[in-house]
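Number of protein chains: 2
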Amino acid sequence: MAQRHPDPTDVPTAGASFPHLTTAPPPPAPQAAPKSDPEQGGTPVGDVLAGYLRAQATEFLRALRLHRETGGGLPARAGARAGEPGGASGAGDAARALRRAARRISGSLHTFRPLLDADWSDEMRPELAWLSGTLGLEHACEARLERLLLALQRLSGAGAAAFPPQPVSSAVGAGAPDTGPAVRTAPDRSNLTVGAAKAGALLERQLTLARTRAHSTALQALGSARFHAVADQVAVLASEVPLAPAAAGADLRPLATAAEERLTDAIAALPLVTAGHPYNAVALVHGLAPDPSPHPQDAPWHQVRLLLRLHRYAREALGGGADPVDVRLLAAGQALNRHRDASEAAAAAAQAARTPRIAPATAYALGVLHADQRHEVEAARFAFQQSWLKRPVPAP
Amino acid sequence: MAQRHPDPTDVPTAGASFPHLTTAPPPPAPQAAPKSDPEQGGTPVGDVLAGYLRAQATEFLRALRLHRETGGGLPARAGARAGEPGGASGAGDAARALRRAARRISGSLHTFRPLLDADWSDEMRPELAWLSGTLGLEHACEARLERLLLALQRLSGAGAAAFPPQPVSSAVGAGAPDTGPAVRTAPDRSNLTVGAAKAGALLERQLTLARTRAHSTALQALGSARFHAVADQVAVLASEVPLAPAAAGADLRPLATAAEERLTDAIAALPLVTAGHPYNAVALVHGLAPDPSPHPQDAPWHQVRLLLRLHRYAREALGGGADPVDVRLLAAGQALNRHRDASEAAAAAAQAARTPRIAPATAYALGVLHADQRHEVEAARFAFQQSWLKRPVPAP
Numbered sequence: 305m306a307q308r309h310p311d312p313t314d315v316p317t318a319g320a321s322f323p324h325l326t327t328a329p330p331p332p333a334p335q336a337a338p339k340s341d342p343e344q345g346g347t348p349v350g351d352v353l354a355g356y357l358r359a360q361a362t363e364f365l366r367a368l369r370l371h372r373e374t375g376g377g378l379p380a381r382a383g384a385r386a387g388e389p390g391g392a393s394g395a396g397d398a399a400r401a402l403r404r405a406a407r408r409i410s411g412s413l414h415t416f417r418p419l420l421d422a423d424w425s426d427e428m429r430p431e432l433a434w435l436s437g438t439l440g441l442e443h444a445c446e447a448r449l450e451r452l453l454l455a456l457q458r459l460s461g462a463g464a465a466a467f468p469p470q471p472v473s474s475a476v477g478a479g480a481p482d483t484g485p486a487v488r489t490a491p492d493r494s495n496l497t498v499g500a501a502k503a504g505a506l507l508e509r510q511l512t513l514a515r516t517r518a519h520s521t522a523l524q525a526l527g528s529a530r531f532h533a534v535a536d537q538v539a540v541l542a543s544e545v546p547l548a549p550a551a552a553g554a555d556l557r558p559l560a561t562a563a564e565e566r567l568t569d570a571i572a573a574l575p576l577v578t579a580g581h582p583y584n585a586v587a588l589v590h591g592l593a594p595d596p597s598p599h600p601q602d603a604p605w606h607q608v609r610l611l612l613r614l615h616r617y618a619r620e621a622l623g624g625g626a627d628p629v630d631v632r633l634l635a636a637g638q639a640l641n642r643h644r645d646a647s648e649a650a651a652a653a654a655q656a657a658r659t660p661r662i663a664p665a666t667a668y669a670l671g672v673l674h675a676d677q678r679h680e681v682e683a684a685r686f687a688f689q690q691s692w693l694k695r696p697v698p699a700p
Numbered sequence: 305m306a307q308r309h310p311d312p313t314d315v316p317t318a319g320a321s322f323p324h325l326t327t328a329p330p331p332p333a334p335q336a337a338p339k340s341d342p343e344q345g346g347t348p349v350g351d352v353l354a355g356y357l358r359a360q361a362t363e364f365l366r367a368l369r370l371h372r373e374t375g376g377g378l379p380a381r382a383g384a385r386a387g388e389p390g391g392a393s394g395a396g397d398a399a400r401a402l403r404r405a406a407r408r409i410s411g412s413l414h415t416f417r418p419l420l421d422a423d424w425s426d427e428m429r430p431e432l433a434w435l436s437g438t439l440g441l442e443h444a445c446e447a448r449l450e451r452l453l454l455a456l457q458r459l460s461g462a463g464a465a466a467f468p469p470q471p472v473s474s475a476v477g478a479g480a481p482d483t484g485p486a487v488r489t490a491p492d493r494s495n496l497t498v499g500a501a502k503a504g505a506l507l508e509r510q511l512t513l514a515r516t517r518a519h520s521t522a523l524q525a526l527g528s529a530r531f532h533a534v535a536d537q538v539a540v541l542a543s544e545v546p547l548a549p550a551a552a553g554a555d556l557r558p559l560a561t562a563a564e565e566r567l568t569d570a571i572a573a574l575p576l577v578t579a580g581h582p583y584n585a586v587a588l589v590h591g592l593a594p595d596p597s598p599h600p601q602d603a604p605w606h607q608v609r610l611l612l613r614l615h616r617y618a619r620e621a622l623g624g625g626a627d628p629v630d631v632r633l634l635a636a637g638q639a640l641n642r643h644r645d646a647s648e649a650a651a652a653a654a655q656a657a658r659t660p661r662i663a664p665a666t667a668y669a670l671g672v673l674h675a676d677q678r679h680e681v682e683a684a685r686f687a688f689q690q691s692w693l694k695r696p697v698p699a700p
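Quick note, the sequences are listed as chains Z and A, same order. With the first letter of the first sequence counted as 1, position 316 gets the number 620 in the working numbering; the numbers rise by one all the way through. With the first letter of the second sequence counted as 1, position 313 gets the number 617 in the working numbering; the numbers rise by one all the way through.
Structure, rendered in structure tokens:
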């Protein structure tokens, strides 16, 4: 079995085999080729990369300005809430755009590292990772809660009003989320239904607390000297990209190809044959084993998700930042996002079941919910396998 | 949507459409045709049916004799246990053969009713159904427990010695099953593992109790005057089949075709498009709704299972009782057996979770187990859809 890559920085051994894939690594996207060729021919190659990085840095600064205008990052204006114009949802959009640009800059610094000033690049990447991680946590808690409440609603029978999903309102920049008892309990029809209602209330309490903490952390981060230093660095990047001497006359494509090879090697190491066999029941194996969270079997899939993103950003950089999205990559990425979300939701349900002194009916509902989300994990792997192998055969 | 058939006795409206199937009703098996044609041509058609019924009656009597020889049905010899020569497993095999023959006789009386003496047939069928139902219950409890303990073992991680499946030993004719504490508890590694161990012990206790009751009921049934009356009727059937006057010159095939049409109509009413879409998550819908057992959505599938069996027996009768098994029918039948078993196991887990005063960890494990078995239900539907639609396309 090929070695797995716990960190995108690890460059896998060249020439790894592809035992699970019937497809060769995809050729460069046809849309990208005509654009990158003339640009790489007509302008210095470093300029293509510099142009992409400058565009992302500009986007970062635009999102940051929008975020400040909508009240984000200003604890004094914490009164700006969901629903108010320019309130939480504007700040939420801005925070998402900030993270989006930060990920692209960070990914490009990684993939094209030999072409960039090494000291600058090595200093900036962890700071960008810290920023996008910190800003993403609140949204992750919110999305996880919504996913779990929707699943409980589905499992409780159609039309049950027990768990209206809370509106996805708060984001960095909004006021502290409402931590009050928001779950309406359904009429007691049986102790299992009561269990589902109680499980929903418990998850709401725990994940809202986690979201509140993430919110505070994000606000602190946005007001910190560390953040201002990152923002200053990005502002410099928007006007001048510190290229390495090696960038003159270099070709971006071998580095982009290396990123793609890291991806295909990692995919080759995935158990895709099993994943392509529906209802293989692998995701719930060890579902009752001690400490089921995080699931070790999920890690290689999470890693592929990161490598797929790096591959996509590298294609974007080659295409001058305007590369049309490849449908296959998009579907594969969505499947891996779903995998990650379901994995984390399942872990949250298992974690909630460890709360002391809960009622048996609550614990039962959390057990059903945990298994449901682990099957979502399995379904996401199947979806990934299907989308990834779709290329070589004609579309149905 | 075509009407569903809660009872195989209901003859569905002719000409129901097949919206979910891309296949026409399968033609009579090629193996059956050459056999049934000469026989139906060369001998009176009633003789083909009479021959089949006589053969099944003879098999019934043979199984009954074997059952008595191995100690079955003799409460005074309750000391005959699993492992002893001629003990439980011999009696178990004999009980299975008894049920097998009883089902075939009963099914043929139903399918070919117009060709048989109506009063005799209508009197005998419910008695045979009572017998095979009573004899099957103990085995069902045993198989259900084994399925659930194996699932718990799988969910608790590889190699855990917590739930060695109990040997399938006891059957009608063996002594009362051991109701002692047979589950070995795994070392306490976490409260979830403890929960799995406790859930296993609880299920073992409840299903062993149910099995013991079923065992007693079966023993009583086999010693009853009611049973002796059935056995006497079967003994008469082994030598003389009471045909109706209409049987002279009649053709078996239209009645067999009608049985097949009842099957294909019922299958057409199944949600096969959904079932063929892996991970559709339908089986666990309402998993936390009040009173999840029995699941109403399972009923049409159970009904198809019965109709498939009737179709298979009708084919057997046409083929002179020696019709080679159609692989597709076999696979479809196995999928429906798996569906039924998983459905009942899931209900048993949900039922156990309603036991008062269980620990939250136990309830959590039962919730995971319930969801796992409901996914088995969904997997079985997928397997049925795959096997049923396999005919029209060339094998991959």
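We treat Cβ as the ideally placed atom computed from N, Cα and C, and that holds for glycine.
Over the uninterrupted alpha helix (DSSP H) stretch that includes F364(Z), give me the two end residues.
Stepping through the first sequence from its first residue, residue 364(Z) is reached at position 60. Unbroken alpha helix (DSSP H) run through F364(Z): V349 to E373.
Let me know the secondary structure DSSP gives L456(Z) once reduced to three states.
For the purposes of this step, residue 456(Z) is taken as residue 152 along the first sequence, with counting starting at 1. Correct three-state label for L456(Z): helix.
Just to confirm before moving on: does the CB-CB distance between A405(A) and A367(A) stay below 8 Å?
Reading the second sequence from its first residue, position 101 is the one you call residue 405(A). Reading the second sequence from its first residue, position 63 is the one you call residue 367(A). Yes, they are a contact pair.
Check whether T362(A) and A533(A) have beta carbons under 8 Å apart
Taking the first residue of the second sequence as position 1, residue 362(A) is located at position 58. Taking the first residue of the second sequence as position 1, residue 533(A) is located at position 229. Result no, Cβ atoms of T362(A) and A533(A) do not sit closer than 8 Å.
Am I right that H519(Z) and E442(Z) are in contact with their C-beta atoms under 8 Å? What's the rounded C-beta distance?
Looking up residue 519(Z) in the first sequence gives position 215. Looking up residue 442(Z) in the first sequence gives position 138. So it is a contact: roughly 5 Å between Cβ atoms.
List, in chain order, every chain A residue whose beta-carbon is nearer than 7 Å to that of R408(Z).
For the purposes of this step, residue 408(Z) is taken as residue 104 along the first sequence, with counting starting at 1. None at all; the shortest Cβ gap to chain A is about 32 Å.
Alpha carbon to alpha carbon, what distance is there between L449(Z) and L357(Z)?
What you label residue 357(Z) is simply residue 53 of the first sequence in a count that begins at 1. What you label residue 449(Z) is simply residue 145 of the first sequence in a count that begins at 1. Whole-angstrom Cα-Cα distance: 35 Å.
Take A433(A) as the anchor and find which of A359(A), F531(A) and L370(A) has the nearest alpha-carbon.
Stepping through the second sequence from its first residue, residue 433(A) is reached at position 129. When each option's Cα is compared against that of A433(A), the closest is F531(A).
Below 8 Å on the Cβ atoms is my guess for Q677(A) versus A455(A); work out the distance and round it to an integer in Å.
Position 373 of the second sequence holds residue 677(A). Position 151 of the second sequence holds residue 455(A). Contact flag correct, Cβ pair sits at about 7 Å.
Just list the residues that DSSP pairs L693(Z) with in beta bridges.
By one-based count along the first sequence, residue 693(Z) stands at place 389. Answer is none; L693(Z) lacks a bridge partner.
Can a CB atom of chain Z be found closer than 8 Å to the CB of A465(A)?
Taking the first residue of the second sequence as position 1, residue 465(A) is located at position 161. Since pLDDT at A465(A) reaches only 38, below the 50 mark, its modelled position is unreliable, and the value read off the structure follows with that caveat. Cβ-Cβ to chain Z under 8 Å: no for A465(A).
Helix, strand or coil for L420(A) per DSSP?
Counting from 1 along the second sequence, the entry for residue 420(A) is found at position 116. Strand at L420(A).
Residues of chain Z with a CB under 8 Å from the CB of E682(A): which are they?
As a working note, residue 682(A) is residue 378 in the second sequence. By Cβ distance, chain Z contributes Y583.
Pop quiz: A500(A) and L592(Z) are said to be a contact at Cβ under 8 Å. What is the actual Cβ separation, rounded to whole angstroms?
Taking the second sequence and counting its residues from 1, one reaches residue 500(A) at position 196. Taking the first sequence and counting its residues from 1, one reaches residue 592(Z) at position 288. The pair is a contact, with the Cβ atoms about 4 Å apart (cut-off 8 Å).
If we cut at 8 Å on Cβ distances, does A667(Z) have a partner in chain A?
In the first sequence, residue 667(Z) corresponds to position 363, counting from 1. Yes, A667(Z) counts as interfacial toward chain A.
Touching by the beta-carbon criterion (3+ pairs, under 8 Å), the region 637 to 654 of chain A and the region 544 to 563 of chain A
no
Per-residue contacts from L670(Z) into chain A (C-beta, under 8 Å)
Within the first sequence, residue 670(Z) is the residue found at index 366, counting from 1. Residues of chain A passing the Cβ test: Y668 and G671.
Anything in the region 446 to 459 of chain A with a Cβ closer than 8 Å to a Cβ of chain Z? List those residues in chain order, please.
L456, R458 and L459
Keeping to the same chain, check which residues put their C-beta closer than 6 Å to that of R515(Z); ignore five residues upstream and five downstream.
The residue given as residue 515(Z) occupies position 211 in the first sequence. These residues qualify, in order along the chain: E442, C445, E446 and P481.
Tell me where the alpha helix (DSSP H) around R578(A) begins and ends.
As a first step, residue 578(A) is located in the second sequence; it is residue number 274 there, counting from the start. A small fix is needed here, since residue 578(A) is Thr in this sequence, not Arg. Start and end: L576 to A579.
Within 10 Å of its beta-carbon, does L511(A) have 16 or more other beta-carbons around it, so buried, or fewer, so exposed?
One-based indexing of the second sequence puts residue 511(A) at position 207. The residue is buried, with at least 16 neighbouring Cβ atoms inside 10 Å.
Neighbour flag for P664(A) against chain Z, beta carbons, 8 Å:
Within the second sequence, numbered from 1, the residue matching residue 664(A) stands at position 360. Yes, contact with chain Z.
Which of the three DSSP states, helix, strand or coil, is assigned to L592(A)?
Stepping through the second sequence from its first residue, residue 592(A) is reached at position 288. Coil, per DSSP.
Along chain Z, in chain order, which residues have C-beta atoms closer than 8 Å to that of A500(A)?
Indexing the second sequence from 1 puts residue 500(A) at position 196. The answer, in chain order, is L592.
Taking 8 Å as the threshold (beta carbon to beta carbon), is P468(A) in contact with chain Z?
Translated into positions along the second sequence, residue 468(A) becomes position 164. Because P468(A) carries a pLDDT of 37, less than 50, the predicted location of this residue cannot be relied on, and the following value inherits that uncertainty. It does not; no Cβ of chain Z falls within 8 Å.
Using 8 Å as the cut-off, can you tell me whether the region 556 to 574 of chain A makes contact with the region 656 to 675 of chain A, which would need three or more C-beta pairs spanning the two stretches below that distance?
no
Exposed or buried, A684(A), counting other C-beta atoms within 10 Å across all chains shown (16 or more means buried)?
Along the second sequence, one-based indexing puts residue 684(A) at 380. The residue in question, A684(A), is buried, as its Cβ has 16 or more Cβ neighbours within 10 Å.
Spatial neighbours of R407(Z) in its chain, beta-carbon cut-off 6 Å, leaving aside the 5 residues before and after
Here residue 407(Z) is taken as the residue at index 103 of the first sequence, counted from 1. Excluding positions up to five away in sequence, the list reads S436.
Closest by CA to Q601(Z), which one among A539(Z), L588(Z) and I409(Z)?
Stepping through the first sequence from its first residue, residue 601(Z) is reached at position 297. For the residues A539(Z), L588(Z) and I409(Z), the minimum Cα distance to Q601(Z) belongs to L588(Z).
If you draw a straight line from the C-alpha of T521(A) to the C-alpha of R609(A), how long is it?
As a position in the second sequence, residue 521(A) is number 217, starting the count at 1. As a position in the second sequence, residue 609(A) is number 305, starting the count at 1. About 26 Å.
Consult DSSP for A337(A) and reduce its assignment to one of helix, strand or coil.
Position 33 of the second sequence, counted from the start, is the residue given in the question as residue 337(A). Since pLDDT at A337(A) reaches only 35, below the 50 mark, its modelled position is unreliable, and the value read off the structure follows with that caveat. Helix.
Under DSSP, the alpha helix (DSSP H) around E564(A) begins and ends at which residues?
Here residue 564(A) refers to the residue found at position 260 of the second sequence. Residues R557 to A572.
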